[in-house]
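Residue numbers (my numbering): 39 to 202.
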């Protein structure tokens, strides 16, 4: 297998994080649809944006000569970690607030990883990576802001004295 640069490995990581985001938004839709149907359309939009980001990442990975498979294998390793975390955090007792709290952590991680990819690329100077980051990072920041806002809205509706 081809040896990856730090830039290529980070591309693999962000690729898998957007795949994980698709799974997470699907899960949170199921948690929210009955009690909070008003948030479902935003989650569906996030899911679609994550799918488009995955497509763009995969296309870009294919442009690194002889490294597409290695980059996507790096992505797979990241997926395993994210899946374990989601299944632990969103167990059978999870509700919409739990789901949005999880998405807040996940989206913060995505913003961080995309920011690191941007910084690594400042030295590497890859125009395709720059274009992808310029497109994706504002979307990720928007996702983070949106899920944080929704988490706080849902939390404000909770009775803090109610048993957990």
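We put the beta carbon where it would ideally sit given N, CA and C, even for glycine. Since this is a predicted model, take the numbers as computed values, not measurements.
Around the Cβ of residue 193, are there at least 16 other Cβ atoms within 10 angstroms (buried) or fewer (exposed)? exposed
Would you call the region 174-192 and the region 146-158 in contact, with 3 or more CB pairs under 8 Å? yes
Between the region 152-162 and the region 66-83, can you find at least three pairs of beta-carbon atoms closer than 8 Å? no
Specify the secondary structure class of residue 151 as computed by DSSP and reduced to three states. helix
Under the three-state DSSP convention, the category residue 129 falls into: coil
If residue 42 sits next to residue 98, beta carbons under 8 Å apart, how far is it from one beta carbon to the other, in whole angstroms? So it is not a contact: roughly 14 Å between Cβ atoms.
Can you tell me whether DSSP reads residue 74 as helix, strand or coil? coil
Who are the Cβ neighbours of residue 80 in its own chain at under 8 Å, not counting the five residues just before and after it? 184, 188
So, at 6 Å on beta carbons, what are the nonlocal neighbours of residue 85 in its own chain, with the 5 sequence-adjacent residues on each side left out? 60, 63
Here's the rule: buried if 16 or more other CB atoms are within 10 angstroms of the residue's CB, otherwise exposed. What is residue 27? Residue 27 cannot be examined here, being either before or after the span of the chain that is shown, 39 to 202.
Using only alpha-carbon positions, find the residue among 186, 40, 198 that is nearest to residue 105. 40
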